[in-house]
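The block underneath contains the structure these notes are about, expressed in structure tokens.
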Amino acid sequence: MRPAPMPQPVGAVPAQWGRPAQWGQPAAVPPPPREAWLAPQKVEAIPGTQFAVVHLNVPPTTSGLAIGSLVAGIASILVSLVVVCFGVAGASAGWGAWVAGAFAMIAGLAGAAAVVLGLFALRQIRQAAAAIRFTGRGVAISGLVCGAVGLGLTLLGLGTSLLIQVSA
Numbered sequence: 000m001r002p003a004p005m006p007q008p009v010g011a012v013p014a015q016w017g018r019p020a021q022w023g024q025p026a027a028v029p030p031p032p033r034e035a036w037l038a039p040q041k042v043e044a045i046p047g048t049q050f051a052v053v054h055l056n057v058p059p060t061t062s063g064l065a066i067g068s069l070v071a072g073i074a075s076i077l078v079s080l081v082v083v084c085f086g087v088a089g090a091s092a093g094w095g096a097w098v099a100g101a102f103a104m105i106a107g108l109a110g111a112a113a114v115v116l117g118l119f120a121l122r123q124i125r126q127a128a129a130a131i132r133f134t135g136r137g138v139a140i141s142g143l144v145c146g147a148v149g150l151g152l153t154l155l156g157l158g159t160s161l162l163i164q165v166s167a
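Numbering that gives the first Met the number 0 numbers the first residue of the sequence shown as 0 and each following residue consecutively.
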């Protein structure tokens with residue numbers, strides 16, 4: 000008959016992390032993530048002290064302005080399609096141009112915001128900052144183009160709805 004296995008001590012970790020803990024000894028610690036082993040880019044000692052300034056390699060990040068530009072550009076295109084739909088559908092009833100005009104204001108603001116955010120994002124990406132590098136040039140250009148297309152479709156849809164309203 001085999002004896003019952005001893006219960007694991009409190010704080011014991013699985014064996015795949017290293018040596019299992021023994022009674023009275025501290026538990027083994029899991030290895031740190033692989034990213035923690037990256038060496039600093041530069042270490043500058045502060046004269047007269049035991050301290051230093053460490054410059055770490057910071058991975059590039061996508062510009063938030065670029066993402067905002069793309070979201071606003073897509074929203075501008077979608078709302079401009081609503082402008083066209085309401086303008087054409089309500090033209091015979093007499094309310095199409097009014098509703099299309101209201102939605103055209105929203106689409107125009109979203110399109111203008113997309114263009115402005117896209118330009119700011121391109122400027123942010125182009126400028127090389129010491130600490131943070133931004134990426135997302137393609138996203139910024141896409142947002143800029145979507146905003147311009149949304150503005151164009153809005154003007155086209157509003158013009159079409161006004162033309163249909165006046166001729167009806």
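Note that the Cβ used here is the ideal one computed from N, Cα and C, for glycine as well. Please read all numbers here as calculations on a predicted model, not as lab measurements.
Beta-carbon within less than 6 Å of residue i's beta-carbon, same chain only, minus the 5 sequence neighbours each way: which residues are those?
{"i": "L121", "result": "A139"}
{"i": "G146", "result": "G72, S75, G110, A113, V114"}
{"i": "I163", "result": "A90"}
Can you check whether the CB of residue j is closer than 7 Å to the CB of residue i?
{"i": "G149", "j": "G110", "result": "yes"}
{"i": "A101", "j": "G86", "result": "no"}
{"i": "S79", "j": "G156", "result": "yes"}
{"i": "L64", "j": "L118", "result": "no"}
{"i": "I124", "j": "S62", "result": "yes"}
{"i": "S160", "j": "G95", "result": "yes"}
In the DSSP assignment, find the unbroken alpha helix (DSSP H) run with residue i in it and report its ends.
{"i": "V57", "result": "First-last for V57: undefined, no H or E at that position."}
{"i": "W97", "result": "95–125"}
With which residues is residue i paired in a DSSP beta bridge?
{"i": "F133", "result": "T60"}
{"i": "A44", "result": "A51"}
Got a sec? Which residues, its chain only, sit under 7 Å from residue i by beta carbon, not counting five neighbours each side?
{"i": "A106", "result": "S75, V78, S79, V82, G149, T153"}
{"i": "I131", "result": "V57, T60"}
Can you tell me which of the options puts its alpha carbon nearest to the alpha carbon of residue i?
{"i": "L108", "options": "V53, G151, I163, F50", "result": "G151"}
{"i": "F171", "options": "G89, I163, A90, T60", "result": "Given that the chain is displayed from residue 0 to residue 167, the structure contains no residue 171 and the question cannot be resolved."}
{"i": "R136", "options": "Q49, T48, L69, G47", "result": "L69"}
{"i": "G158", "options": "I131, Q49, Q126, A103", "result": "A103"}
With a threshold of 8 Å on Cβ separation, who are the neighbours of residue i within its own chain once the five nearest residues in sequence on each side are excluded?
{"i": "T51", "result": "Reading off the sequence shown, one finds Ala at residue 51, where the question assumed Thr. So the qualifying residues of the chain are V42, E43, A44, I45."}
{"i": "H54", "result": "P39, Q40, K41, V42, E43"}
{"i": "S91", "result": "A167"}
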